[in-house]
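S.K.:
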Amino acid sequence: MTGAFPEIRWYLLIATAVLCPAVLHAAETAERPKLDVPFVPTNQQTVDAMLRVANVGPNDFVIDLGSGDGRILITAAKQRGARGFGVDIDPQRVSEAVENAKAAGVSDRVRFFRRNLFETKIAEATVVTLYLLPRVNVELRPRLLAELKPGTRVVSHDFDMGDWQADLRVSVRGAGSEVYFWVIPARVAGRWQVKGEAPRGRQSFEVEFKQKYQELEATVRGFERPAVVRDARIDGDRLLFTVVDDADFAHRVRYEGTVSGNAISGLLRGDGSAPRGEHKWRATRAAP
-14 MTGAFPEIRW YLLIATAVLC PAVLHAAETA ERPKLDVPFV PTNQQTVDAM LRVANVGPND
46 FVIDLGSGDG RILITAAKQR GARGFGVDID PQRVSEAVEN AKAAGVSDRV RFFRRNLFET
106 KIAEATVVTL YLLPRVNVEL RPRLLAELKP GTRVVSHDFD MGDWQADLRV SVRGAGSEVY
166 FWVIPARVAG RWQVKGEAPR GRQSFEVEFK QKYQELEATV RGFERPAVVR DARIDGDRLL
226 FTVVDDADFA HRVRYEGTVS GNAISGLLRG DGSAPRGEHK WRATRAAP
């Protein structure tokens, strides 16, 4: 039996040598993050187009979800004076972005974090930039609409948001890419009580909006004469609609206002056969 021990030790050494690479590979795999989106850098021509379409400027705070090597945010800071931060789940990409920001001299304006983009707080953004995948965009969509302020701009390289139609879509010449652009709309669905001076005297009526993203349908009640609503739309926090006399389609009154929570205030103007003039109006959200 004693003579068998060296042979046993020999087999153990062989087994250890075989198992070690597998163990090391398993450890590396455990440390490697699971990526929702593979890293594919956005070419500079498309980066410039994204920032131009979103009209990024010195007063903007840009959040780049899936920031990769940081080039979108770094360009926004260096060329347009913006501030912000980017997040990526891959530590290698985050390290690259930090070094690239230092090399570009914008480390005081932008930061990069290793963070899951689905867990990143985004409410302070005025611009959100994306180069993800369609399914990831759609998964993010409810958070973008719920957490971002009305008027916040969202710009995506190549991929849309499902049935949320883009406000603008641009083909980047020479780059073979598309840029999609949205403005976060205020939430105006429901009934509103409207008061204000009008071409036919002071009026009070109710308008009800049905909303799908930035698209609106509206009806009105409370006028002496039947009326319909045309051209209702919401652009960020800016609301526009036209009330048309159902018996005299030339009599139109255009309402334009700014939405702030449960209130809207703005100006109305007579158009067509309606008396000209500009008057103030205000609306408050009715109780459900």
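Each residue of the sequence shown is one higher than the one before, starting from -14 at the first, in the working numbering. We put the CB at the ideal spot given by N, CA and C, even for glycine. Computed from a predicted structure; not experimentally measured.
With a Cβ-Cβ cutoff of 8 Å, do GLY251 and GLY242 count as a contact?
M.R.: The answer is yes: Cβ separation under 8 Å.
S.K.: Leaving aside the five residues before and after GLY66 along the sequence, list all residues of the same chain whose C-beta is less than 6 Å from its C-beta, in chain order.
M.R.: Once the five neighbours on either side are set aside, the close Cβ partners of GLY66 are PRO43.
S.K.: Under 8 Å between the Cβ atoms of PRO211 and ASP231?
M.R.: In this structure, ASP231 lies closer than 8 Å to PRO211 by Cβ.
S.K.: Can you find at least 3 beta carbon pairs, one from the region 191 to 198 and one from the region 168 to 181, that sit closer than 8 Å?
M.R.: Cβ pair count under 8 Å is three or more, so yes.
S.K.: Where does ASP54 sit, in a helix, a strand or coil, going by DSSP?
M.R.: Note: ASP54 maps to coil in three-state DSSP.
S.K.: Residues in its own chain within less than 8 Å of ALA110 by CB, not counting five upstream and five downstream?
M.R.: Answer for ALA110: PHE46, VAL47, ILE48, GLY69, LEU133, THR137, listed in chain order.
S.K.: Tell me which residue opens and which closes the alpha helix (DSSP H) that ALA217 is part of.
M.R.: No alpha helix (DSSP H) holds ALA217; the beta strand (DSSP E) holding it covers 212 to 220.
S.K.: Report the rounded CA-to-CA distance for ARG120 versus GLY147, giving the unit in angstroms.
M.R.: Spanning the two alpha carbons is a distance of roughly 8 Å.
S.K.: Note down the Cα distance separating ARG155 from ARG37, rounded to an integer number of angstroms.
M.R.: A small fix is needed here, since residue 155 is Val in this sequence, not Arg. Whole-angstrom Cα-Cα distance: 11 Å.
S.K.: Ignore the nearest five residues each way along the sequence and tell me which others in THR204's own chain have a CB closer than 6 Å to its CB.
M.R.: So the list reads GLU193, once near-sequence residues are dropped.
S.K.: With 16 as the cutoff for other CB atoms within 10 Å, does PHE97 come out buried or exposed?
M.R.: Per the 10 Å Cβ criterion, buried.
S.K.: Could you work out which residue in LEU253, ARG270, ASP220, PRO273 is closest to HIS264 when comparing CA atoms only?
M.R.: Ranking LEU253, ARG270, ASP220, PRO273 by Cα distance to HIS264 puts LEU253 first.
S.K.: Along the beta strand (DSSP E) that carries ALA203, what are the first and last residues, could you check?
M.R.: 200 to 206 is the extent of the beta strand (DSSP E) around ALA203.
S.K.: With a threshold of 8 Å between beta carbons, is ALA217 in contact with chain D?
M.R.: The displayed structure is made up of one protein chain only, and chain D is not part of it.
S.K.: When DSSP builds the beta bridges, which residues end up paired with GLY242?
M.R.: Looking at the DSSP assignment, GLY242 forms a beta bridge with LEU224, GLY251.
S.K.: Could you name the residues of the same chain whose beta carbon sits closer than 7 Å to that of GLU(-8), not counting the 5 residues immediately before and after it, in chain order?
M.R.: For GLU(-8), the predicted structure reports a pLDDT of 46, less than 50, and the residue's modelled location is therefore unreliable. The matter cannot be settled from this model.
S.K.: Let me know the secondary structure DSSP gives GLU191 once reduced to three states.
M.R.: DSSP places GLU191 in strand when its eight states are reduced to three.
S.K.: Which of the three DSSP states is assigned to GLU209 in this structure?
M.R.: The answer is coil: DSSP assigns GLU209 none of H, G, I, E or B.
S.K.: Out of PHE24, THR31, VAL25, state which residue places its alpha-carbon closest to the alpha-carbon of VAL164.
M.R.: It is THR31 whose Cα lies nearest to the Cα of VAL164.
S.K.: Pick helix, strand or coil for THR137, following the three-state DSSP scheme.
M.R.: Coil, per DSSP.
S.K.: Let me make sure I understand the geometry here. Which of ASP233, ARG128, VAL214, ALA39 has the alpha-carbon closest to that of PHE103?
M.R.: Closest option to PHE103, Cα to Cα, is ARG128.
S.K.: So, at 7 Å on beta carbons, what are the nonlocal neighbours of ASN101 in its own chain, with the 5 sequence-adjacent residues on each side left out?
M.R.: Excluding positions up to five away in sequence, the list reads ILE74.
S.K.: Looking at C-alpha atoms only, which residue of GLY255, GLU209, LEU224 is the closest neighbour of ILE169?
M.R.: If we check each option's Cα against that of ILE169, LEU224 comes out closest.
S.K.: Compute the Euclidean distance between the alpha carbons of HIS236 and GLN199, then round it to the nearest angstrom.
M.R.: Rounded to whole angstroms, HIS236 to GLN199 spans 26 Å at the Cα level.
S.K.: Could you pull the start and end residues of the beta strand (DSSP E) that ASP73 belongs to?
M.R.: ASP73 -> beta strand (DSSP E) spans 68 to 73.
S.K.: What's the call for PHE234, buried or exposed, on a 16-neighbour Cβ count within 10 Å?
M.R.: PHE234 comes out exposed.
S.K.: Can you check the region 70 to 100 for any beta strand (DSSP E) of at least 3 residues that lies completely inside it and give the ranges in chain order?
M.R.: Runs of the beta strand (DSSP E) inside the region 70 to 100: 95 to 99.
S.K.: Quick one: give me the first and last residue of the alpha helix (DSSP H) that LEU130 is part of.
M.R.: Element bounds for LEU130: 119 to 132.
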